[in-house]
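Protein chains in written order, with the working numbering: chain P, 7 to 436; chain L, 7 to 436.
Okay, here's the thing in structure tokens:
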């Protein structure tokens, strides 16, 4: 089998890791799969900085167009949604398969990119866009090919999970952990993409699209980040037997409609997902035949992401070598989708913390109000009075409709007995 | 794309599940992957018993040879190592790809079967042979294609894990749980294949072969089952912060040699594998780039196994449709193997329980003896005296060589102060 030339555009963290992996393990790949992949080009505007990987000097170039012309497989690892897209479309137009880890771009422009791939009879591979080193995309469309996907729950952002884990384990406030995470390099200087849930939402949009056969983009994804999460609620949740995770949630109802959401979520402490700590990612998939499964691994970082990128390179190389460039299509629409459930209509259990005056009749008033919105209480506790003599009512509800929960919260906020912000965190029993 | 005819030989539990999955989800498969797989034949000697799945009457036949002639993909689900092999070789000789869940047969005769596949330019697919519905084989050779596999730890037998979980959680003795498991259908009337570790060893041999590129068969697999495991040791392990699991263990040393073993193992209670309860399976893989990963799911049962069988059917169908019948070869030898580490040379930490007379000097004597074999103690506790006034010394060692541990145990058994059987369980810190 002849040598397949691989070029990497973008010599940053993941680019350098991918180069290192291809250089170190090309022989393993050849023996394990029969294909001979060779890193022949790396393109970056800066080819002088030391990236900690010994790449032969003569393969480093600054011209990505040259790389695209000269290579059989183009790996896009520059990120962002502008130049990256240009290069991907250029490679596809020349009939070159593309490997990318660019979830933001796929969430935004996946449809256009996949159409270009189909028009040119090649595939775009994007295992590294979700769950880092975890082969979740391959599992979803090949390993579970014969399953209807009932539910997916994912911890998909290592930064958020790291922050939540430290808040919980070290009893630290959100802001303090965030500052420390930034100092340690676990969070960006501008952390919004991670902590406001957008990165998780990009990945959720990709998983939802693959599971349900409609490239959804970001619009239908309901997103709430972890910025406003307080240690108080993590502690109360723990007391009630739950952990708080930023969860990607996908579900399909009996009628085929789906819900797609990302928000802090109380999950039972004994479940496998609850044990996923620090920067690790995990994805739980429930299929109609396979039942519950979970995948766990490093969701980011140079080496783990490189592992996924290189797996895609191998797949693309096998397909090139066998002259079946669209064996697995970038995306096949149509399977399972029959519309979205609007967030207002989604039903969940919820955790609520309601700060109130500590006087007779308040609990009854709150319970009556909730009940009038169809929200019934499954568990209830009350905190000790704070320095102002106020208490908090903490409750877990039975299943309730989002719209009713929102309306109830608005009405609670207007009660004179309610002394502060009402906190609500949705729950999943998994 | 034309219709691909699928035939199932063996209409037992998994056969019926596979038929149900293909019948129910063929449309999902078609939309998700582009291939049109159709169940056209099911062969069994008994085609009158109701299997709980509505298969069109006219596809049921008793003649497996006819099925092989008429179908494009042959699914072998009769089990055993005699007739199953004959049918598989017959299908291969006619150039038909084969899907099987038969770990015993592959562990025994994999080499011969894969050679026949190569000779006929087709592939044998066996995702369902390890880990039930978990796509571990696909992940190992495709998802982690660019990784050197440093370590694999697996909980691969649902029956054993079910028994161990109930012993631990319900404080029941092995024999009592086994009897109950047999009554409930979680264990066979003859449970030896499961509880003596053979089934796990079959699966371990397959994983080892794939990870290290040498089809090993059963000979090099060191096997100890759970039959002799006592509740006492599960309790002491728990007290020390460990759980006891029947673990498949694969490791590659710096020099390329590997160790392959199956035995009850103490693992830290906080690790993800320790949380795998009941009939669930899990496989932890550490690759040089991907780092630690874990896969979790149902390791057996009609539906989960059918999910894996059908994923293989889809793969085989894609390859047929694209005319690349050996895109992924059944097995490619040669990658990473440079010999075995004999069990005597394997080093592990160990748990020991040594029943001794409760008198001065005994502890010192035991410690001195262990030390003379290079076994040093990391943690130590002593039980309260039993009705005969004897106590147990319970210890966790630092890393020690298997041969030294065995010799030390033999010498301990000869001490007059030792009043009963010395128990040893190996440990892994994962």
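Where a beta carbon is used, it is the ideal one built from N, C-alpha and C, also for glycine.
Model, not experiment: these values are computed from the prediction.
Identify the continuous alpha helix (DSSP H) that holds residue i and give its terminal residues.
i	result
residue 117 (chain P)	109 to 125
residue 39 (chain L)	19 to 39
residue 65 (chain L)	Careful: residue 65 (chain L) lies outside any alpha helix (DSSP H) and carries neither H nor E.
residue 201 (chain L)	198 to 201
residue 94 (chain P)	89 to 99
residue 212 (chain P)	204 to 218
residue 55 (chain L)	Counting along the chain, residue 55 (chain L) falls outside any alpha helix (DSSP H), and DSSP gives it neither H nor E.
residue 322 (chain L)	308 to 327
DSSP beta-bridge partners for residue i?
i	result
residue 178 (chain L)	Answer is none; residue 178 (chain L) lacks a bridge partner.
residue 160 (chain P)	P:254, P:289
residue 150 (chain L)	Answer is none; residue 150 (chain L) lacks a bridge partner.
residue 47 (chain L)	L:13
residue 272 (chain L)	L:250, L:433
residue 404 (chain P)	DSSP output for residue 404 (chain P) lists no bridge partner at all.
residue 170 (chain L)	Answer by DSSP bridge pairing: none, since residue 170 (chain L) is not bridged.
residue 398 (chain L)	L:361
residue 233 (chain L)	Per DSSP, none; premise fails for residue 233 (chain L).
residue 228 (chain L)	L:267
residue 478 (chain L)	The shown model of chain L, from 7 to 436, leaves out residue 478 (chain L), and the question about it has no answer.
residue 131 (chain P)	P:105
residue 155 (chain P)	P:293
residue 136 (chain L)	According to DSSP, which records beta bridges pairwise, residue 136 (chain L) is partnered with nothing at all.
Assign residue i to one of two classes, buried (16 or more other C-beta atoms within 10 Å of its C-beta) or exposed (fewer than that).
i	result
residue 366 (chain L)	exposed
residue 208 (chain P)	buried
residue 72 (chain L)	exposed
residue 308 (chain L)	buried
residue 258 (chain L)	buried
residue 427 (chain P)	exposed
residue 435 (chain P)	exposed
residue 391 (chain L)	exposed
residue 144 (chain P)	buried
residue 408 (chain P)	buried
residue 60 (chain P)	exposed
residue 382 (chain P)	exposed
residue 116 (chain P)	buried
Taking residue i as the reference, give the member of the options with the closest Cα.
i	options	result
residue 55 (chain P)	P:18, P:14, P:434, P:151	P:18
residue 373 (chain L)	L:348, L:414, L:394	L:414
residue 281 (chain L)	P:285, P:276, P:387	P:276
residue 109 (chain P)	P:125, P:171, P:386, P:211	P:211
residue 287 (chain L)	L:206, L:202, L:321	L:206
residue 127 (chain P)	P:136, P:104, P:195	P:104
residue 430 (chain L)	L:410, L:39, L:436	L:410
residue 424 (chain L)	L:84, L:397, L:406	L:397
residue 317 (chain L)	L:387, L:38, L:9, L:8	L:38
residue 270 (chain L)	L:312, L:330, L:171	L:171
residue 313 (chain L)	L:393, L:15, L:28	L:28
residue 150 (chain P)	P:116, P:182, P:291	P:291
residue 198 (chain L)	L:238, L:218, L:231, L:189	L:231
residue 421 (chain P)	P:395, P:394, P:380, P:376	P:376
Residue range of the beta strand (DSSP E) that residue i falls in?
i	result
residue 376 (chain L)	Residue 376 (chain L) -> not in any beta strand (DSSP E); alpha helix (DSSP H) instead, spanning 368 to 378.
residue 359 (chain L)	353 to 363
residue 298 (chain L)	297 to 304
residue 432 (chain L)	429 to 433
residue 106 (chain L)	104 to 106
residue 240 (chain P)	Careful: residue 240 (chain P) lies outside any beta strand (DSSP E), inside the alpha helix (DSSP H) at 237 to 245.
residue 383 (chain L)	383 to 388
residue 82 (chain L)	79 to 82
- Query: If you pair each beta-carbon of the segment 342 to 359 of chain P with each one of the segment 225 to 243 of chain P, do three or more pairs fall below 8 Å?
  - Reply: Contact between the segment 342 to 359 of chain P and the segment 225 to 243 of chain P is present, because at least three Cβ pairs lie under 8 Å.
- Does the segment 303 to 310 of chain P come within contact of the segment 244 to 259 of chain P, defined as at least 3 CB pairs closer than 8 Å? Two segments are said to touch when three or more pairs of C-beta atoms, one from each, lie closer than 8 Å; by this definition the segment 303 to 310 of chain P does not touch the segment 244 to 259 of chain P.
- Sufficient close CB pairs (3 or more, under 8 Å) joining the segment 138 to 158 of chain L to the segment 289 to 300 of chain P: Short answer: they touch.
- Query: Does the count of Cβ pairs from the segment 349 to 368 of chain L and the segment 399 to 406 of chain L closer than 8 Å reach three?
  - Reply: Verdict: yes, contact present.
- Should the segment 76 to 84 of chain L be regarded as contacting the segment 164 to 178 of chain L, the criterion being three or more beta carbon pairs within less than 8 Å? The segment 76 to 84 of chain L vs the segment 164 to 178 of chain L: no contact.
- Item | Cβ contact check for the segment 153 to 162 of chain L and the segment 213 to 221 of chain L: 3 or more pairs under 8 Å | Contact holds: three or more Cβ-Cβ distances are below 8 Å.
- Touching by the beta-carbon criterion (3+ pairs, under 8 Å), the segment 330 to 338 of chain P and the segment 40 to 58 of chain P: The segment 330 to 338 of chain P makes no contact with the segment 40 to 58 of chain P: fewer than 3 CB pairs, one atom from each, lie closer than 8 Å.
- Would you say the segment 95 to 104 of chain P touches the segment 113 to 130 of chain P, given that touching needs at least three Cβ pairs under 8 Å? Between the segment 95 to 104 of chain P and the segment 113 to 130 of chain P there are three or more C-beta pairs closer than 8 Å, enough to call the two in contact.
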